[in-house]
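J.:
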Amino acid sequence: MKAAKKTREIVKTAVGSFKDLQNVNSTPGKFKPNLVLRAKTTLTRSLQIQWIHGNAEKAEISFFKINTHGTALDPVEQRLLKNRKKAAAIAARAVVRAGRGHRYWSGFDEDVRAKVEATAQEMYEALFEPELSVPVKTLNIPIGGPYSSHNALDLLMDFIEVVEGAFGHEKTIEEAKDDTDGSLTVDVIGRCLRTARRIVGVDAPSLGLDPVVYFYSQTGRFNRDIFLAVVEIFATAEHKHNKAFYFKFTDVRQKLEAFLIALKTLLTQLNIATHSKQRRGMWVKVVNTMIDRFAEGEDVTPEFVMGTAGFTGDVLSKKKISASISDEVKSSVYIKKALENPMLCPVCKGVLSPKSVSYDHKQPKNQGGKGGEENVQLTHPFCNTGYKNKADQLAAKAQEKAVAAE
Ligand SMILES: [Zn+2]
10 MKAAKKTREI VKTAVGSFKD LQNVNSTPGK FKPNLVLRAK TTLTRSLQIQ WIHGNAEKAE
70 ISFFKINTHG TALDPVEQRL LKNRKKAAAI AARAVVRAGR GHRYWSGFDE DVRAKVEATA
130 QEMYEALFEP ELSVPVKTLN IPIGGPYSSH NALDLLMDFI EVVEGAFGHE KTIEEAKDDT
190 DGSLTVDVIG RCLRTARRIV GVDAPSLGLD PVVYFYSQTG RFNRDIFLAV VEIFATAEHK
250 HNKAFYFKFT DVRQKLEAFL IALKTLLTQL NIATHSKQRR GMWVKVVNTM IDRFAEGEDV
310 TPEFVMGTAG FTGDVLSKKK ISASISDEVK SSVYIKKALE NPMLCPVCKG VLSPKSVSYD
370 HKQPKNQGGK GGEENVQLTH PFCNTGYKNK ADQLAAKAQE KAVAAE
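According to this note's numbering, the sequence shown is numbered sequentially starting from 10.
#1: Check whether the Cβ of residue 370 lies closer than 6 Å to any heavy atom of ligand 1, and answer yes or no.
#2: Give the single residue among 235, 302 and 339 whose Cα lies nearest to the Cα of residue 283.
#3: What residue range is occupied by the uninterrupted beta strand (DSSP E) comprising residue 385?
#4: Just curious, the alpha helix (DSSP H) that residue 255 is in, first and last residue?
#5: Measuring only from the beta carbon, is residue 293 closer than 6 Å to any heavy atom that is part of ligand 1?
#6: Among residues of its own chain, excluding the 5 on either side of residue 361, which ones have a beta-carbon nearer than 8 Å to its beta-carbon?
#7: Report the rounded CA-to-CA distance for residue 9 versus residue 247, giving the unit in angstroms.
#8: Give the list of continuous alpha helix (DSSP H) stretches no shorter than 4 residues that lie fully inside the segment 175-237.
#9: Out of 306, 301, 146 and 179, which one is the CA nearest neighbour of residue 227?
#10: In the DSSP output, what is residue 370 paired with across the bridge?
#11: Closer than 6 Å to a non-hydrogen atom of ligand 1 - does that hold for the CB of residue 210?
#12: Quick one: what does DSSP say residue 143 is sitting in, helix, strand or coil?
#13: Note the first and the last residue of the continuous alpha helix (DSSP H) segment covering residue 292.
#14: Out of curiosity, what's the CA-to-CA distance linking residue 238 and residue 155?
#15: If you check the beta carbons only, do residue 318 and residue 295 fall under 7 Å apart?
#16: Near residue 203, what residues of its chain come up, given a Cβ to Cβ distance below 6 Å and the 5 sequence neighbours on each side ignored?
#17: Measure from the alpha carbon of residue 222 to the alpha carbon of each residue in 49, 380 and 359, then state which is nearest.
#18: Under DSSP, the alpha helix (DSSP H) around residue 319 begins and ends at which residues?
#19: What's the gap between the Cα of residue 65 and the Cα of residue 71?
#20: Less than 7 Å separating the beta-carbons of residue 23 and residue 33?
#21: Should residue 385 be listed as close to ligand 1, given that the test is whether its C-beta is under 6 Å from any heavy atom?
#22: Measuring CB to CB, does residue 302 end up less than 7 Å from residue 293?
#23: Any chance the CB of residue 261 is under 6 Å from a heavy atom of ligand 1?
#24: With a threshold of 6 Å, establish whether the CB of residue 389 neighbours any heavy atom of ligand 1.
#25: My output table needs one value for residue 353: the three-state DSSP class, helix, strand or coil.
#26: One question on the structure: do residue 165 and residue 104 come within less than 7 Å of each other, judged by their Cβ atoms?
#27: Give me whichever residues DSSP pairs with residue 360 in a beta bridge.
#28: Flag residue 359 as yes when its Cβ comes closer than 6 Å to any non-hydrogen atom of ligand 1, and as no otherwise.
#29: Who are the near neighbours of residue 281 in its chain, counting only those whose CB is closer than 7 Å to its CB and skipping five residues on each side?
#30: What first and last residue would you give for the alpha helix (DSSP H) that runs through residue 134?
#31: Candidates 185, 184, 139 and 44: which alpha carbon is nearest residue 26's?
#32: Which whole-angstrom value describes the C-beta separation of residue 191 and residue 121, a residue pair presumed to lie in contact below a C-beta threshold of 8 Å?
#33: Pick from 207, 357, 385 and 365: whose alpha carbon is nearest that of residue 374?
#34: I need the boundaries of the alpha helix (DSSP H) containing residue 29, first residue and last residue.
#35: Taking the alpha-carbon of residue 357 as reference, which of 258, 96 and 380 has the nearest alpha-carbon?
#36: Starting from residue 87, follow the alpha helix (DSSP H) in both directions and report where the run begins and ends.
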């Protein structure tokens with residue numbers, strides 16, 4: 010009833026009631042031409058209605074059948090609808106609405122609802138703020154790419170799937186069971202947030218990856234496959250409590266980032282040349298292999314990366330250039346310039362992301378260091394806390410060696 014009433018209200022404000030349209034049609038001279046045209050097309054168009062005998066489930070099956078033939082229902086929306094009782098779909102909706110708007114989680118207990126909304130809001134901020142504008146004229150851009158509810162829902166469903174798989178849960182959303190009380194949704198957002206907080210933000214565990222360095226092409230295009238690959242790598246480490254990985258990553262960060270910045274064009278070409286279904290797997294392999302090689306003190310050449318990605322020879326294609334300056338070129342020139350001399354973290358020499366800056370006492374507080382300008386430097390949050398603790402670092406590395414020897 011509520012839904013029907015709301016629908017009627019929406020139709021009335023957006024289109025006008027059927028009665029209004031009939032009036033327009035009978036006395037067209039009294040109304041604006043666009044209204045007359047609309048009335049004409051609306052009243053002469055046939056509307057197909059199907060009557061289904063049976064229960065709601067039967068109707069639902071029929072609905073998907075109709076919509077996958079002929080006029081297609083958007084695949085993302087279709088996936089969400091089919092899985093609307095699963096934690097992943099509820100979580101994705103909650104994040105996209107930043108915990109506001111229509112509440113797909115309204116049937117849950119109040120404390121569960123509050124938790125869903127608060128964590129979803131935080132997840133939204135981690136992924137999509139500040140909003141991206143094109144052409145790119147700042148390094149302060151979102152790690153999750155351009156925001157539109159459609160894009161965001163699509164990305165989030167994959168993000169959740171990647172994290173859940175890495176944490177040893179169902180590998181696909183379709184395999185997961187329905188969430189009846191919201192507890193699964195809370196857990197899912199919690200795991201996603203733990204992973205996101207490693208990648209971005211000012212909390213102590215954050216490595217504060219610079220979005221432009223890692224997740225955007227030379228022309229300012231968001232690369233969702235590299236992003237999801239990095240999410241998978243970090244979620245795997247998070248699930249295994251593999252602290253040593255973060256130390257190793259920080260050790261090689263300067264070299265890794267220099268490579269990612271210098272070879273952005275090659276990386277884009279590798280992405281284009283790889284089948285979309287294989288891209289994430291390819292990037293997981295490439296990034297992990299690069300980290301390992303740098304950690305072993307080896308060099309990484311473009312040829313080596315191409316080989317790891319499964320290519321030999323020249324994958325580069327040449328583009329035609331027109332006389333006017335496109336947004337892509339504008340972004341490209343900005344990004345190139347900005348990454349020529351970026352602000353670096355003095356601890357690891359990696360690029361400092363504006364969204365993940367931490368204020369570090371050069372001389373530690375417990376050694377008498379003060380909070381004055383001359384004793385404060387900008388670092389990654391993890392470099393300020395975990396990484397600086399040598400004892401912690403040695404313990405984590407010893408633990409990794411012990412695990413590897415098993
Ligand atoms: Zn650092």
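No residue lacks a Cβ here, since even glycine has one placed at the ideal position from N, Cα and C.
T.: Looking at the atomic coordinates:
#1: Here residue 370 corresponds to residue number 361 of the sequence shown, with the count starting at 1. Because no heavy atom of ligand 1 lies under 6 Å away, the Cβ of residue 370 does not count as near it: no.
#2: For the purposes of this step, residue 283 is identified with residue 274 of the sequence shown, where counting begins at 1. Comparing Cα-Cα distances from residue 283 to each of 235, 302 and 339, the minimum goes to 235.
#3: As a working note, residue 385 is residue 376 in the sequence shown. From DSSP, the beta strand (DSSP E) with residue 385 extends over 385-388.
#4: Counting from one through the sequence shown, the residue named residue 255 turns up at place 246. From DSSP, the alpha helix (DSSP H) with residue 255 extends over 252-271.
#5: To locate residue 293, count along the sequence shown from 1; it is residue 284. Result no, Cβ not under 6 Å from ligand 1.
#6: Along the sequence shown, one-based indexing puts residue 361 at 352. Taken in chain order, the residues that qualify are 217, 219, 351, 352, 353, 354, 387, 388 and 389.
#7: Only positions 10 to 415 of the chain appear in the structure, and residue 9 is not among them; the question remains open.
#8: 192-208 and 220-224
#9: Working through the sequence shown from its first residue, we reach residue 227 at position 218. Taking only the C-alpha atoms, the option nearest residue 227 is 146.
#10: Within the sequence shown, residue 370 is the residue found at index 361, counting from 1. Partner(s): 385.
#11: Residue numbering aside, residue 210 sits at position 201 when the sequence shown is read from its first letter. Flag unset: Cβ of residue 210 not near ligand 1.
#12: The residue you call residue 143 lines up with position 134 of the sequence shown. Coil.
#13: On the sequence shown, position 283 is the one that residue 292 refers to. Run containing residue 292: 288-304, per the alpha helix (DSSP H) assignment.
#14: The residue given as residue 238 occupies position 229 in the sequence shown. The residue given as residue 155 occupies position 146 in the sequence shown. If I take the Cα positions, the gap works out to 18 Å.
#15: Translated into the one-based positions of the sequence shown, residue 318 becomes position 309. Translated into the one-based positions of the sequence shown, residue 295 becomes position 286. Yes.
#16: Your numbering for residue 203 matches position 194 in the sequence shown. Contacts found: 247.
#17: Your numbering for residue 222 matches position 213 in the sequence shown. Nearest option by C-alpha distance: 359.
#18: What you label residue 319 is simply residue 310 of the sequence shown in a count that begins at 1. Segment: none, residue 319 is in no alpha helix (DSSP H) and carries neither H nor E.
#19: Counting from one through the sequence shown, the residue named residue 65 turns up at place 56. Counting from one through the sequence shown, the residue named residue 71 turns up at place 62. So the alpha carbons of these two residues sit roughly 10 Å apart.
#20: Your numbering for residue 23 matches position 14 in the sequence shown. Your numbering for residue 33 matches position 24 in the sequence shown. The answer is no: Cβ separation not under 7 Å.
#21: Within the sequence shown, numbered from 1, the residue matching residue 385 stands at position 376. Incorrect: residue 385 has no Cβ contact closer than 6 Å to ligand 1.
#22: Looking up residue 302 in the sequence shown gives position 293. Looking up residue 293 in the sequence shown gives position 284. In this structure, residue 293 does not lie closer than 7 Å to residue 302 by Cβ.
#23: Working through the sequence shown from its first residue, we reach residue 261 at position 252. Answer for residue 261: no, Cβ out of range of ligand 1.
#24: Position 380 of the sequence shown, counting from 1, holds the residue named residue 389. Residue 389 Cβ: within cutoff of ligand 1.
#25: Along the sequence shown, read from residue 1 onward, the residue named residue 353 stands at position 344. In the displayed model, residue 353 falls within a strand according to three-state DSSP.
#26: Position 156 of the sequence shown, counted from the first residue, corresponds to residue 165. Position 95 of the sequence shown, counted from the first residue, corresponds to residue 104. Yes. Within cutoff.
#27: Taking the first residue of the sequence shown as position 1, residue 360 is located at position 351. DSSP output for residue 360 lists 353 as bridge partner(s).
#28: For the purposes of this step, residue 359 is taken as residue 350 along the sequence shown, with counting starting at 1. Checking every heavy atom of ligand 1 against the Cβ of residue 359, one is found closer than 6 Å.
#29: By one-based count along the sequence shown, residue 281 stands at place 272. When the five nearest sequence neighbours on each side are left out, no beta carbon in the same chain lies closer than 7 Å to the beta carbon of residue 281.
#30: To locate residue 134, count along the sequence shown from 1; it is residue 125. Unbroken alpha helix (DSSP H) run through residue 134: 119-137.
#31: Counting from 1 along the sequence shown, the entry for residue 26 is found at position 17. When only C-alpha atoms are compared, the closest one is 44.
#32: Taking the sequence shown and counting its residues from 1, the one referred to as residue 191 is at position 182. Taking the sequence shown and counting its residues from 1, the one referred to as residue 121 is at position 112. Rounded, the Cβ-Cβ distance is 4 Å, consistent with contact.
#33: Translated into positions along the sequence shown, residue 374 becomes position 365. It is 385.
#34: Along the sequence shown, one-based indexing puts residue 29 at 20. Start and end: 27-35.
#35: The residue you call residue 357 lines up with position 348 of the sequence shown. By alpha-carbon distance to residue 357, the top candidate from 258, 96 and 380 is 258.
#36: Numbered from its first residue, the sequence shown carries residue 87 at position 78. It spans 84-91 - the alpha helix (DSSP H) in which residue 87 sits, taken as one unbroken run.
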